[in-house]
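K.L.:
Chains as they are written, first to last, in the numbering used here: chain A, 1 to 277; chain B, 278 to 554. Just so you know, even glycine gets a beta-carbon here, dropped at the ideal spot from N, CA and C. Predicted, not measured: the structure shown is a model, and the values here were computed from it.
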């Protein structure tokens, strides 16, 4: 098996892209011509995958959108389609975690049932809950650190008696204690660039999955500046998924994906310029 | 709709029970006669439900055991079976949470797709991630506070600058800020009776879901003593599910469920005696 991070690196090089295309299929926002198809969810996502696979370094289906519509089988077909037609790795966004014996089943769900290449997980239960995921050494285990939602600070920014917020403790543990297999990544939202910088200082070159650009409003240049110094996977979902609402929705998605990829690359180039000066 | 907590209270009275029967179906541990049935997962759980429904105040299927085996349809059938044949409320144990728009879909999964009466959720994203669940006012929203696993202390017991651990902050927020609809409960593990007592002091009469007795080793009397002063739902899963391994597994499950229920009631009675003395 090729490791997740190697697959990400290969896609990054091939497509000159740091963009992860998220897949949040909401039938209420589908174009009319798909509305009556029994497998509309699969078709919608497949068409976006086919239109953007040369622009992305990863795809990230969000499992709630499938499970909330009894569309688990369509999610399996979608991931099969990505594996059979592209070299782009698949991040299953599911934010799982539980006691060890249960996490083991969630790992089976993600990696055996769905054949995902990486999974998002929640750190609240501690290391023993993460171990069954981490034991899949060729998979990427992407631990929530600082999330992109407005309320994320409520728990994550609580200051500890050591004078650092909880999300920095999670970053430290991820870098120092939890990454025994070299397959840990962290979620660090684009909506908080200064905190992104602190996380980067703590974790060194560890790859960060950065949600929050696009529909969530995070700015690309501030985010790229905050995250520089290591690997990044920058996600946009709804801004790409719902760029169009007609039969040409996949073309519209492609245009937004290309513009987003290019904006990220320009922001990176601008930073490189500054460093060379 | 009858509120979740009212249904729990009715089942508690009718069955004279504080016991929640967890359902963690692991085919590797099923009796031989079920092994070849295509719906063995449903049949196993159904037989335990039928053998224990007069001894429980709730049933708690753990979704990972179903999703890890592509058995979502069997989970739906199981919950239908419980609703159609008993008055016992169903807690879907799934530990969900994400940004608001995604949590909304997880709520649909739990309450519309599966018709659960309550759901376990993770507090790491903060209130805005919990709001879509809390908005289902007749459902029970059971927020992780102090989990029963050995590693739970790693994040949950980090001391804040205010001199209290994170799990106490979660308990305070749950009691003071998050319970605007009166449908919040907390997960507080039986494996830490002194912490259970602190949580009880903070949340007053709020109902606690207490995992960790049975296979996880928590002691009943210490747990009941720690939790007294408000509602409790005391869960045992594997000790009941795998009490037997032959064709009479459901009878064996019934015997252990009855003994567990009675041990809990005896512990409660002993405390009442002490209070009267």
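Cα separation between residue 324 (chain B) and residue 307 (chain B)?
P.N.:
If you take the alpha carbons of residue 324 (chain B) and residue 307 (chain B), they lie about 12 Å apart.
K.L.:
Can you give the Cα-Cα distance for residue 513 (chain B) and residue 521 (chain B), rounded to whole angstroms?
P.N.:
Cα to Cα, residue 513 (chain B) sits roughly 15 Å from residue 521 (chain B).
K.L.:
If I measure Cβ to Cβ from residue 197 (chain A) and keep anything under 6 Å in the same chain, skipping five residues before and after, which residues do I get?
P.N.:
226, listed in sequence order.
K.L.:
Give me the DSSP bridge partner(s) of residue 19 (chain A).
P.N.:
Answer is A:234, bridged to residue 19 (chain A).
K.L.:
Could you give the residue range of the alpha helix (DSSP H) that holds residue 409 (chain B)?
P.N.:
Taken as a continuous stretch (DSSP letters only), the alpha helix (DSSP H) holding residue 409 (chain B) covers 404–411.
K.L.:
On the DSSP bridge assignment, give the partners of residue 172 (chain A) in chain order.
P.N.:
Note: residue 172 (chain A) sits in no beta bridge, so no partner.
K.L.:
Do you know how far the Cα of residue 23 (chain A) is from the Cα of residue 138 (chain A)?
P.N.:
Taking the straight line from one Cα to the other gives about 23 Å.
K.L.:
Roughly how many angstroms lie between the CA atoms of residue 73 (chain A) and residue 16 (chain A), to the nearest whole one?
P.N.:
Between residue 73 (chain A) and residue 16 (chain A), the C-alpha separation is close to 32 Å.
K.L.:
What is the residue span of the alpha helix (DSSP H) that residue 309 (chain B) lies within?
P.N.:
Note, residue 309 (chain B): alpha helix (DSSP H), 309–312.
K.L.:
Would residue 105 (chain A) and residue 142 (chain A) be called neighbours here (beta carbons separated by less than 8 Å)?
P.N.:
Cβ atoms of residue 105 (chain A) and residue 142 (chain A): not closer than 8 Å.
K.L.:
Since residue 503 (chain B) is in the alpha helix (DSSP H), which residue starts that stretch and which ends it?
P.N.:
Counting along the chain, the alpha helix (DSSP H) containing residue 503 (chain B) begins and ends at 497–504.
K.L.:
In the stretch 112–136 of chain A, which residues sit with their C-beta less than 7 Å from some C-beta in chain B, listed in chain order?
P.N.:
Those residues of the stretch 112–136 of chain A that come within reach of chain B (Cβ to Cβ, closer than 7 Å) are 113, 122, 123, 124, 125, 126, 127, 128, 129.
K.L.:
Using the beta-carbon of each residue, which ones in chain C are nearer than 8 Å to residue 443 (chain B)?
P.N.:
The structure shown contains no chain C; its protein chains are A and B.
K.L.:
Would a check of beta-carbon distances place residue 214 (chain A) closer than 8 Å to chain B?
P.N.:
Taking Cβ atoms only, chain B never reaches closer than 8 Å to residue 214 (chain A), which makes this a no.
K.L.:
Is the beta carbon of residue 328 (chain B) sitting closer than 8 Å to the one on residue 285 (chain B)?
P.N.:
No, Cβ-Cβ distance for residue 328 (chain B) and residue 285 (chain B) is not below 8 Å.
K.L.:
Which runs of the alpha helix (DSSP H) fall wholly inside the stretch 311–339 of chain B and span at least 4 residues, in chain order?
P.N.:
Runs found: 317–329.
K.L.:
Roughly how far, in whole angstroms, is the beta-carbon of residue 398 (chain B) from the beta-carbon of residue 410 (chain B), given that I think they are within contact range, below 8 Å?
P.N.:
Their Cβ separation, rounded to whole angstroms, is 6 Å, which keeps residue 398 (chain B) and residue 410 (chain B) in contact under 8 Å.
K.L.:
State the Cα-Cα distance for the pair residue 426 (chain B) and residue 464 (chain B), rounded to the nearest angstrom.
P.N.:
Looking at the two C-alpha atoms, the distance is approximately 12 Å.
K.L.:
Could you have a look at residue 488 (chain B) and say whether DSSP puts it in helix, strand or coil?
P.N.:
Residue 488 (chain B) falls in the coil class under three-state DSSP.
K.L.:
Measure from the alpha carbon of residue 40 (chain A) to the alpha carbon of each residue in A:54, A:25, A:53, then state which is nearest.
P.N.:
For the residues A:54, A:25, A:53, the minimum Cα distance to residue 40 (chain A) belongs to A:25.
K.L.:
I believe residue 374 (chain B) touches residue 402 (chain B) by the beta-carbon criterion, under 8 Å. Please report the beta-carbon distance rounded to the nearest angstrom.
P.N.:
The pair is a contact, with the Cβ atoms about 5 Å apart (cut-off 8 Å).
K.L.:
Mind listing which residues of the stretch 324–357 of chain B have their C-beta closer than 7 Å to chain A's C-betas, in chain order?
P.N.:
Result list: 339, 341, 342, 344, 345, 347, 349.
K.L.:
Can you tell which of B:549, B:508, B:531 has the C-alpha that lies nearest to the C-alpha of residue 295 (chain B)?
P.N.:
That would be B:508, whose Cα lies nearest to the Cα of residue 295 (chain B).
K.L.:
On the three-state DSSP scale, how would you describe residue 347 (chain B)?
P.N.:
In this structure, residue 347 (chain B) counts as coil in the three-state DSSP scheme.
K.L.:
From the beta carbon of residue 429 (chain B), is the nearest beta carbon of chain A less than 8 Å away?
P.N.:
Yes, its Cβ sits closer than 8 Å to a Cβ of chain A.
K.L.:
Hey, residue 233 (chain A) and residue 145 (chain A): beta-carbon distance below 8 Å or not?
P.N.:
Not closer than 8 Å, so no.
K.L.:
Within the same chain, show all residues whose beta-carbon is closer than 7 Å to that of residue 535 (chain B), passing over the 5 residues directly before and after it, in chain order.
P.N.:
Excluding sequence neighbours, residue 535 (chain B) sits near 332.
K.L.:
Let me know the secondary structure DSSP gives residue 139 (chain A) once reduced to three states.
P.N.:
Correct three-state label for residue 139 (chain A): coil.
K.L.:
In chain B, what lies closer than 7 Å to residue 109 (chain A) by C-beta?
P.N.:
The contacting residues are 341, 344, 345.
K.L.:
Give me the chain B residues within the contact set of residue 97 (chain A), using Cβ-Cβ distance strictly less than 8 Å, ordered along the chain.
P.N.:
Per Cβ cutoff of 8 Å: 372, 399.
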